[in-house]
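Residue numbers (the working numbering): 31 to 108.
Note that the Cβ used here is the ideal one computed from N, Cα and C, for glycine as well.
Here's the structure we're looking at; comments come further down.
Below you can see the structure in the form of structure tokens.
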């Protein structure tokens, strides 16, 4: 479930950025493009962090539960 939400957000990202870049006046467009660039930068950081982590050795039904992830992370932190 969590993965589905993240994937849905990342899938819609190009549309959100395109919508942010289309403003009616130059001043609005400048602010919107700046906001879109910040969103893109944040997304890049999220993707880099996700790629740096290994998937936990949880069963597929456990991966859908946030409590299972928390328990796994508590065990893996020394």
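On the CB-based measure, 16 or more other CB atoms within 10 Å of its CB, does residue i come out buried or exposed?
i: residue 50; result: buried
For residue i and residue j, what's the separation of their Cα atoms in angstroms?
i: residue 62; j: residue 44; result: 14 angstroms
i: residue 46; j: residue 75; result: 17 angstroms
i: residue 91; j: residue 71; result: 32 angstroms
i: residue 82; j: residue 93; result: 18 angstroms
i: residue 57; j: residue 96; result: 42 angstroms
i: residue 105; j: residue 78; result: 23 angstroms
i: residue 86; j: residue 55; result: 48 angstroms
Secondary structure at residue i, three-state DSSP: helix, strand or coil?
i: residue 45; result: helix
i: residue 86; result: coil
i: residue 73; result: helix
i: residue 39; result: helix
Measuring CB atoms only, is the region 92-107 touching the region 66-79, in the sense that at least three cross pairs come out at less than 8 angstroms? no
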